[in-house]
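In our numbering, the protein residues as written are 2 to 405. For every residue, glycine included, the Cβ atom is placed at its ideal position computed from N, Cα and C. This report refers to the structure that appears directly beneath it.
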C-alpha cells in the first residue's frame with residue numbers, strides 16, 4: 002500500500018516536472034537541467050528504498066505531498082512573466098503614429114497657444130480677435146457630418162513628401178534707439194508766465210514727476226515691442242503650420258490619384274464580369290457617392306460660417322436675425338441631404354451584394370476600399386483646404402497689423 006502511494010505521487014510529480022520543463026525549455030535552460038538531474042537522483046533514491054526497510058506511511062506521504070505542493074508553487078510562478086511579453090508587440094503596434102500627423106498636431110497646438118496669448122493682450126475691438134479664436138472654439142464643417150462617413154479607414158501605403166527640417170527663425174525686433182537729445186530752437190525761447198508749473202512745483206516733486214513720466218513712456222514702449230514680438234512669433238509659427246498643411250495636401254492628392262487608379266481597375270473588372278445594367282448601376286453609384294459627399298461638406302461649411310458669424314454678434318445686433326434665418330435654412334437643407342445619403346447607402350448595400358457574386362474576393366476587397374476611401378479623401382481634402390484658407394487669412398491680417 003505504501004509503495005503504491007509513493008509510485009502514484011512520483012508519477013504526479015514527474016508529470017508536473019514535464020510540464021514545467023516544456024514551458025521553461027526556451028526561457029530557462031539551467032532550470033531544465035536542474036529538473037532533469039533532480040529527477041535522476043530521485044529515481045536512484047527510489048531504487049535504493051526498495052531494498053531498505055519501509056518508512057512509516059505518514060512520513061512518506063507528507064514528504065511527497067510537500068514536494069508536490071512546492072513543485073506546484075514553482076509551476077505557478079513562471080506563468081506571470083509568460084503572459085506579459087505576448088501583449089508587448091500588440092501595444093507597440095497600436096502606439097505607432099504617423100510622423101506627419103503627429104508633427105501637424107504639435108504645430109497646431111503650439112499655434113493655438115500662441116494665438117490665445119496674443120489675443121489676451123489685444124483690445125476687444127481689435128479685428129484680430131475674430132481671427133485668432135482657437136480652432137477648438139470654432140465650428141467646423143466636419144462637426145455637422147459626424148457619423149456619416151467612415152474616417153477610421155487605414156490608407157494603403159503611400160510615399161509621404163519629405164519633411165523639411167528647416168524651421169523659420171523668429172528675429173526679434175531690436176528696440177528702437179531713443180534719442181535723448183532735445184532739439185533746441187535757436188533764438189525762439191519764449192518767457193514763461195509766473196503761474197507756470199516750472200516755478201510753482203518744488204524740485205523734489207518735479208524730479209518725481211519726470212521719473213514717473215519717463216517710466217510710463219518706457220513701459221508703453223516695452224509693451225508695444227513685446228506685442229510686436231509676439232505677432233512675429235505667431236506669424237513664424239503660422240508659416241510652419243501652413244507649410245505642414247500644404248505638404249499634407251500634396252500627399253492627399255497623391256493618395257486620391259492612387260485611389261482613382263484603383264477605382265478604374267475595379268470598374269474594368271465590373272464591366273467584364275457583371276451584366277450591363279449592373280455595371281451601369283455601379284458607375285452611377287460611384288458618381289452619387291462623390292456628389293453627396295461634396296454636397297454635405299458644402300452645406301456643413303456654409304452652416305459653420307453662419308454659426309461662427311453669430312458667435313461674434315451681440316444678442317441685440319440688427320444683423321443677428323438675418324444670420325439666424327440663414328442658419329436655419331442651411332440646417333433644413335443639410336437634413337435633406339442626410340436623408341438623401343441614407344437612400345444612397347441602401348443602394349450601396351444592394352450593389353455590394355451584386356458585386357460580391359461576380360467579383361473575386363480580392364477584387365471585391367478592392368471595391369470596398371475604393372468606395373470607402375473615396376468619401377474619406379473628399380472629407381480630409383476639404384478639411385485641410387479650410388485650415389489652409391483660414392491660416393492664410395490670419396497670416397494676411399497679422400502682416401497688415403505689422404505694416405500699419
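> DSSP on residue 148, reduced to helix/strand/coil?
Replying inline: coil
> By DSSP, does residue 387 sit in helix, in strand, or in coil?
Replying inline: helix
> So is residue 336 buried or exposed if we call it buried at 16+ other beta carbons inside 10 Å?
Replying inline: exposed
> Given a threshold of 16 other Cβ atoms within 10 Å of its Cβ, counted over all protein chains shown, does residue 392 qualify as buried or as exposed?
Replying inline: buried
> Quick one: is residue 1 buried, meaning 16 or more other Cβ sit within 10 Å of its Cβ, or exposed?
Replying inline: Limits of the chain in this structure are 2 at one end and 405 at the other, which puts residue 1 out of reach.
>> Quick check on the burial criterion: 16 or more other C-beta atoms within 10 angstroms. Buried or exposed for residue 271?
In response: buried
>> If contact is defined by three or more beta carbon pairs under 8 Å, each pair taking one atom from either stretch, is the stretch 344-352 in contact with the stretch 257-268?
In response: no
> Run through DSSP, which three-state label would residue 370 get?
Replying inline: helix
>> Tell me the rounded alpha-carbon separation between residue 252 and residue 381.
In response: 11 Å
> In whole angstroms, what is the alpha-carbon distance linking residue 311 and residue 257?
Replying inline: 35 Å
> Anyone know if the C-beta pair for residue 231 and residue 118 falls short of 8 Å?
Replying inline: yes
> If you draw a straight line from the alpha carbon of residue 240 to that of residue 384, how long is it in whole angstroms?
Replying inline: 18 Å
>> Give me the residue from 247, 401 and 355 with the minimum Cα distance to residue 282.
In response: 355
> Hey, how far is the Cα of residue 360 from the Cα of residue 316?
Replying inline: 59 Å
>> If contacts are defined as beta-carbon pairs under 8 Å, then residue 145 and residue 246 qualify, I think. What distance do you get, rounded to the angstrom?
In response: About 22 Å separates the two Cβ atoms, so there is no contact after all.
>> Just to confirm before moving on: does the CB-CB distance between residue 142 and residue 341 stay below 8 Å?
In response: no
>> Please identify the residue among 289, 150, 237 and 369 whose C-alpha is closest to the C-alpha of residue 111.
In response: 237
>> With distance defined between alpha-carbon atoms, name the residue in 339, 267 and 333 nearest to residue 147.
In response: 339
> Closer than 8 Å, CB to CB, is residue 312 near chain D or not?
Replying inline: Given the protein chain composition of this structure (a single chain), no chain D is represented.
> Under a Cβ-count criterion, where at least 16 other Cβ atoms within 10 Å of its own Cβ denotes burial, should residue 301 be classed as buried or exposed?
Replying inline: buried
> Just checking my contact of residue 267 with residue 371 at CB under 8 Å: how many whole Å lie between their CB atoms?
Replying inline: 6 Å
>> So, with DSSP's three-state summary, where would you put residue 376?
In response: helix
> When you compare only the Cα positions, how much space is there between residue 254 and residue 369?
Replying inline: 20 Å
> Roughly how many angstroms lie between the CA atoms of residue 226 and residue 399, to the nearest whole one?
Replying inline: 15 Å
> Would you say residue 259 touches the ligand SAH, meaning its beta carbon is less than 7 Å from a heavy atom?
Replying inline: For the structure depicted, the ligand SAH is absent and the ligand set is empty, with no information on it obtainable.
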